[in-house]
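Positions 0 to 201 (numbering that gives the first Met the number 0) are the ones given, in order, by the sequence shown. Notes follow the structure.
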Amino acid sequence: MFTGIVTAVAPLLRVEALSQGSRLILRNPYGKLDLGESIALNGACMTVEGFSEGAAGEMSFFVSPESLRRTNLGFLTAGQKVNLERALPASGRLSGHIVQGHVDGLAKLVECRPEGQAWRLEFDLPQDLARYCVEKGSICLDGVSLTINQILPPGNRLWIQVIPHTWENTHFHERRVGDRLNLEVDILAKYVEGLCRPHLSQ
């Protein structure tokens, strides 16, 4: 489990294309890692399959065909920055919200403009995911826990406000209109829907 609080931003060093899937090699900002541990890359839970330490340390992740279909990891190119978060320990602080690292789809950035010292970002969501979003609820975009400020017409557009700390300490300041960000909706909303669905037609 994750909390949507980015702990590092690292450059993608190279992409290795495989017959089924791909391998991403990133700069390792953490030093000592455990083989098999989970790290969220732009909000997508990935498994550390290899690493090296030191100033030139690297870490590698296998990306399955399903992850390539569902996330923006397949669009990454060498040199791009990636938001990172290590898995939350049982004794850790839940500073954001409950994030699984299971990407539901992609949100398209349609507007980005400053508002005072903050930034206003507007996104178009897939219509089938918009129903899980509510005003002042939580959403995870490229691994960042954010608050939905408002749902806009026609119902699948929303806007969020990014504070200076988040703007500077994630890759958001490098995003451009038209970019697609990994989207994970609130898991609690999905569970509630699943539990209620059998009773809705009664």
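C-beta atoms are modelled at their ideal positions from N, C-alpha and C, and glycine is treated no differently.
### Query
Quick one: what's C44 bridged to in DSSP?
Beta-bridge annotation (DSSP): C44 is paired with A39.
### Task
Specify the secondary structure class of D185 as computed by DSSP and reduced to three states.
coil
### Message
Rounded to whole angstroms, what is the Cα-Cα separation between N181 and L87?
### Response
Answer to the nearest angstrom: the Cα atoms are 19 Å apart.
### Closest by C-alpha distance to G35, when choosing among I24, E48 and G42
Checked all of I24, E48 and G42; the closest Cα to G35 is E48.
### Task
With DSSP collapsed to three states, give me the class of E173.
Helix at E173.
### Query
Between which two residues does the alpha helix (DSSP H) carrying D141 extend?
That residue, D141, is in no alpha helix (DSSP H); it is neither H nor E in DSSP.
### Message
Once DSSP output is grouped into helix, strand and coil, what is the label at E84?
### Response
strand
### Task
Output the distance between the C-alpha atoms of R130 and V81, rounded to the nearest integer angstrom.
Straight-line Cα distance between these residues: approximately 28 Å.
### Task
On a CA-only basis, which of L157, L75 and D185 is nearest V14? Give me that one, please.
Among L157, L75 and D185, the Cα nearest to that of V14 is on L75.
### Message
Please give the ranges of any alpha helix (DSSP H) in the stretch 95-172, keeping only runs that are unbroken, at least 4 residues long and fully inside the region.
### Response
126-129 and 163-168
### Task
Return yes when the Cβ of L140 is within less than 8 Å of the Cβ of I150, no when it is not.
no
### Query
Which residues in the same chain as H170 place their Cβ atom closer than 6 Å to its Cβ, once the five residues preceding and following it in sequence are excluded?
V8, K80 and N82
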